[in-house]
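Working notes for the structure below.
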Amino acid sequence: WMIVTSNGTALTQKHETKLCLIRPDICELKRLFKLSFPYMDDIEIPLDRCADNLNTEATLCQSKVCGDKIEGNDCGNEVAEWLCEALSMDGLRLLRQCENDKRQTKTKTKNDINIQHSISLTNQAQFLLINTKSVSWLISKVTDWADQNEFSQSSLLEQITDRFRGNLIVEGNMELDEQNWDGITIDGITFETFGPCVRC
């Protein structure tokens, strides 16, 4: 899913910080996608089909990194009005990426072999892993951060780690150790490494 503006571009948290207050929840048993926002009633969207079921073409974003066109289904007026009210913006729409619209990224393995990965509506990968040892190392290199005596070390580490907006936060053995990982396994689920994040 993605929220688009009236001109069809993706609305990102970089441009609208209140997006972080929208809480998505997928209920597979009820086949619903639920959105929550403080002081508003929740809204539910059927997982099996979008309300209007209209094909709409939208630009994922305006940069050269992720300027791909995507094809999505508009999820209807009710959720559009809910989003406009929540974010105090006009002309917003919720799109769900069509199943046959597969965005791929090309990455190179350590052996310089080109491989393609499905990235859906993300810039580079489905998940971003952050190693807190690397964040601690970075803090020690940035004078403005290292000199912030009003924060405890753990509080500063947490604040800076949050800025990277990672999905998986781990504590490796050493700083920058994650650059040499081929992947990680968490509770029997293996995540393959695609490489360093260009955004970070």
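Position in the sequence shown (first residue = 1) + 28 = the working numbering.
Every residue, glycine too, gets a C-beta built ideally from N, C-alpha and C.
Under 7 Å between C-beta atoms of residue i and residue j
| i | j | result |
| --- | --- | --- |
| LEU63 | ILE50 | yes |
| LEU60 | GLU72 | yes |
| LEU196 | PHE155 | yes |
| TRP165 | GLU203 | yes |
Top-ranked residue by Cα proximity to residue i, from the options
| i | options | result |
| --- | --- | --- |
| THR160 | GLN176, ASP172, GLU99 and LEU184 | LEU184 |
| ARG191 | ALA108, ILE158 and SER180 | ILE158 |
Straight-line Cα distance separating residue j from residue i
| i | j | result |
| --- | --- | --- |
| LEU122 | ASN177 | 43 Å |
| LEU216 | GLY194 | Looking at the sequence itself, residue 216 is Gly, so the reference to Leu does not match. Going by the C-alpha atoms only, they are around 20 Å apart. |
| ASP205 | SER162 | 8 Å |
| GLN125 | ASP76 | 13 Å |
| GLY36 | LEU115 | 17 Å |
| LYS46 | GLN207 | 32 Å |
| GLU113 | SER168 | 42 Å |
| ILE31 | ALA38 | 6 Å |
Continuous beta strand (DSSP E) stretch holding residue i: start and end
| i | result |
| --- | --- |
| ASN159 | 157-159 |
| ASP53 | 51-55 |
| GLU203 | No beta strand (DSSP E) holds GLU203; DSSP gives it neither H nor E. |
| SER64 | 60-64 |
| ARG193 | Here ARG193 belongs to no beta strand (DSSP E), and DSSP marks it neither H nor E. |
| PRO224 | Premise fails: PRO224 is in no beta strand (DSSP E) and is neither H nor E. |
| VAL170 | That residue, VAL170, is in no beta strand (DSSP E); it is neither H nor E in DSSP. |
| LEU39 | Premise fails: LEU39 is in no beta strand (DSSP E) and is neither H nor E. |
Continuous alpha helix (DSSP H) stretch holding residue i: start and end
| i | result |
| --- | --- |
| GLU113 | 105-115 |
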